[in-house]
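Quick notes on the structure that follows.
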Amino acid sequence: MQDTKETIRQFILVSQLAGEPPDSLRDNTPLQTSGILDSLATVGLVSFIEKHFGVELDVHDTSVERFDSIDDIAATIVRKRVASRA
Amino acid sequence: MASRNLADLLEASALRYPQRLAVVDSENLTLTYAELEKQSNALARFLSRHGVRRGDRVGIALPKGLPTVVSMFGTLKAGAAYVPIDISAPTERGRQILEECGISALIVDAASLALRPVSCGSVQVVVVGPPEGQTEGVPFHEVVAGESEREQIAPDGDDLAYIIYTSGSTGMPKGVMISHANALSFIDWCAETFAPTPDDRFSNHAPFHFDYSVLDLYLSIKHGATVYLISEDLARRPRDMVRFIARHRLTVWGSTPSALTMIVQFGELEASDTSSLRLVTFGGEVFPPRHLRALQRHWKSAEYFNLYGPTEITTACTFARIPSNVPENREAPYPIGFACAHCQTLVLDESGREVAERGEGLLYISGPSVFAGYWNRPAETSAAFLDRSGARWYNTGDIVRWDPAEGFTYVGRKDRMVKRRGYRIELGEIERALHLHAGVREAAVVAIPDADAGLRIVACVSCGNDRPSVVELKSFCATKVPTYMVPDRFVFQDKLPRTSSDKVDYQALGRVAEARGR
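Residue numbers (the numbering used here), protein chains in the order written: chain A, 1206 to 1291; chain B, 102 to 619.
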């Protein structure tokens, strides 16, 4: 789980927050509702996650309620992986 | 029968096509014309019985869905104007809007009840999907199941149909008042130009607080066609939007170029059959030709139109037909084209003289779709108009160039209003938000052109010793302004450059932003 979170954090830091200290982006920092990720950046993150983690996210997986922090996103990825093995 | 108001469009189609689908949402829930007519009649009766009078305002703060459409028509049928609220924007901003325009009823979903204005004790609240045991407001589902005979209220053309709020340079959004006659004149032009039929299936991509949605909804309803609502969640998912188009065999698409660019880049267009599309309209910003070309490689069947117009003139006042085969060597964006038939245009130079061919000047619009004014802002309203040759001309603030072959080309603006993803943004509104942050000493915001994103909003700030992080500043902004106004980049400086008269030197800042705001 921690690895998953770090992978997401690194992707966001590099693609959106160049030069920012990594600890400013916490596991519970809002991403979409704070404007840190705009619509295009969110789509880019979804695409990265699908490729990197080998999961397919549907419309509900990426609703603001389930996709607004590194915590939420990591939980969604874990849930999708469990579901795909079941 | 000539329609006198927007509700007549629904009534006529409900008589003619009661069993056809009027609206389908992203979860496949549907309303037939008969159901939409019945539910909106019931809502109108309820509103009228509970103090909503002709000319009143009704706030609608809902995620996009069937109840939103019922609420819009229900409000119109009660003779009132609806005020659509962006529920993703900060609650405080929405509440200010509702207070400013003095609503007498609010239709809201349970999650957004905090929007209820504090000062309006008598506001009737209707709640969509209230949880068990909720005591505030009247449940929407009970209201729309009520008596559904049509109210004997028929709004006139001059009655307001809706008020849409746009960014204001003073920091407070301003309400653009659009009448039934304004909207009908635009819809009639669309009907002539796009020739819809009852078999058309329209997408509705734009949120209802963005007036591009007026085209999708009312044009579709006028013609007995079906409008497919793209929810906020679906709008974030280009691949799923493309599948949605294919599954429902949509025939008409309309959105900002930003949304289409996202579809081109991430929509997996090659995987879906979207050959049902016959018409694609876009507007609100410039569409870079290379993305448009990429789109046309997959959406081959459609005719393409670029629409231009501020909210004040009801969605669009000029249009350009775009070739379905944008040439490989085309780099310049397409022009905004020629005046729509219901609009007159005038281009004046700085001294108020009409400009000659290929000259540049400010674009003025007159005609039946031009708004009545800003809600409660007489000074800003009169400043927006020019009386000339017996007509009232709205000053768009947009500088254009006229060419007889291509029509108008958008050149830019002299003030500090910019457009991003189709939304109007007053840069001053962002600056005011930043100044509220305790760690910010000075803030100035500039927009710089960007080949991919259209433009980038860069905030230049000076702070004390303990500078806030970008994450902190972005998150803070998002509590004050909608997320589409949150700056893309922050540039930190010891102090901002000033001109000799001690004003912020925006030209110097623009150069700094170009160099460091990438």
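Cβ atoms here follow ideal geometry from the backbone N, Cα and C, with glycine treated the same way. Bear in mind that the values here come from a model prediction, so they are computed numbers and not experimental data.
- Cβ contact annotation for Met-1206/A (same chain, cutoff 7 Å, sequence separation greater than five): Ala-1279 and Val-1283, in chain order.
- As the crow flies, the alpha-carbon of Tyr-435/B is around 8 Å from that of Phe-388/B.
- The beta-carbon of Ser-563/B is placed no less than 8 Å from the nearest beta-carbon of chain A.
- With contacts defined by Cβ atoms closer than 8 Å, Leu-107/B and Tyr-319/B form a contacting pair.
- Excluding residues up to 5 positions away in sequence, Phe-1258, Ala-1279, Ile-1282 and Val-1283 lie with their Cβ nearer than 8 Å to the Cβ of Thr-1209/A in the same chain.
- Around Phe-420/B, the same chain offers Thr-294, Phe-406, Asn-407, Leu-408, Tyr-409, Ile-437, Gly-438, Phe-439 and Cys-441 as residues with beta carbons nearer than 8 Å, after the five sequence neighbours per side are excluded.
- Under the three-state reduction of DSSP output, Glu-461/B falls in the strand class.
- Listed in chain order, the beta strand (DSSP E) runs fully inside the segment 452–501 of chain B are 461–467 and 486–489, counting runs of at least 3 residues.
- For Ser-321/B, the enclosing alpha helix (DSSP H) begins and ends at 314–323.
- Partner residues in the beta bridge of Leu-408/B, as assigned by DSSP, are Gly-384/B and Phe-420/B.
- DSSP places Pro-550/B within a strand segment (E or B) once states are collapsed to three.
- Secondary structure of Tyr-435/B (DSSP, three-state): coil.
- Leaving aside the five residues that flank Glu-333/B on each side, the residues in its chain whose CB is nearer than 8 Å to its CB run, in chain order, Pro-164, Lys-165, Ser-189 and Pro-308.
- As summarised for the segment 277–319 of chain B, the continuous alpha helix (DSSP H) elements at least 4 residues long and confined to that stretch are 281–295, given in chain order.
- Closest option to Val-1251/A, judged by alpha-carbon separation, among Arg-337/B, Leu-137/B, Arg-431/B and Leu-111/B: Arg-337/B.
- The residues Glu-1261 and Leu-1262, in chain order, have a CB closer than 8 Å to that of Glu-1255/A in the same chain once the five nearest residues on each side in sequence are set aside.
- Listed along chain A, no residue sits closer than 9 Å to Thr-375/B by beta-carbon distance, the nearest being about 18 Å off.
- The three-state reading of DSSP puts Pro-191/B in coil, since its state is none of H, G, I, E or B.
- Listed in chain order, the non-local C-beta contacts of Val-353/B below 6 Å within the same chain comprise Asp-301, Phe-303 and Leu-380, local neighbours out to five positions each way being set aside.
- According to the DSSP assignment, Ile-1213/A belongs to the alpha helix (DSSP H) that extends over 1207–1221.
- Between Val-159/B and Val-245/B, the CB-CB gap reaches or exceeds 8 Å.
- Taken in chain order, the members of the segment 565–583 of chain B whose beta-carbon sits within less than 8 Å of a beta-carbon on chain A are Ser-570, Val-571, Val-572, Glu-573, Lys-575, Ser-576, Cys-578 and Ala-579.
- Here Pro-119/B has Tyr-134 and Ala-135 as same chain residues with Cβ atoms under 6 Å from its own Cβ, once five neighbours each way along the sequence are excluded.
- From the listed residues Phe-287/B, Ala-506/B, Arg-422/B and Pro-231/B, the smallest Cα separation to Glu-458/B is found for Ala-506/B.
- The beta-carbon of Asp-341/B is placed less than 8 Å from the nearest beta-carbon of chain A.
- Think of a sphere of 9 Å around the beta carbon of Arg-337/B: the chain A residues whose beta carbon falls inside it are Gln-1237, Ser-1244, Thr-1247, Val-1248, Val-1251, Val-1264, Thr-1267, Ser-1268, Val-1269 and Phe-1272, in chain order.
- The three-state reading of DSSP puts Glu-112/B in helix, counting H, G and I together.
- Out of Thr-327/B, Lys-323/B and Lys-275/B, the CA that lies nearest to the CA of Arg-105/B is found in Lys-323/B.
- In chain order, Ser-570 make up the part of chain B whose C-beta sits under 8 Å from the C-beta of Pro-1226/A.
- Between the alpha carbons of Leu-144/B and Pro-569/B lies a gap of roughly 49 Å.
- In the three-state reduction of the DSSP assignment, Val-365/B falls in the helix class, which pools H, G and I.
- Per the DSSP secondary-structure output, Asp-504/B pairs in a beta bridge with Gly-508/B.
- Where Ile-1278/A is concerned, the enclosing alpha helix (DSSP H) starts and stops at 1275–1290.
- Not one beta carbon of chain B lies nearer than 8 Å to the beta carbon of Thr-1281/A.
- The Cβ atoms of Ala-545/B and Leu-610/B sit closer than 8 Å to each other.
- In the structure shown, the three-state DSSP call for Tyr-607/B is helix.
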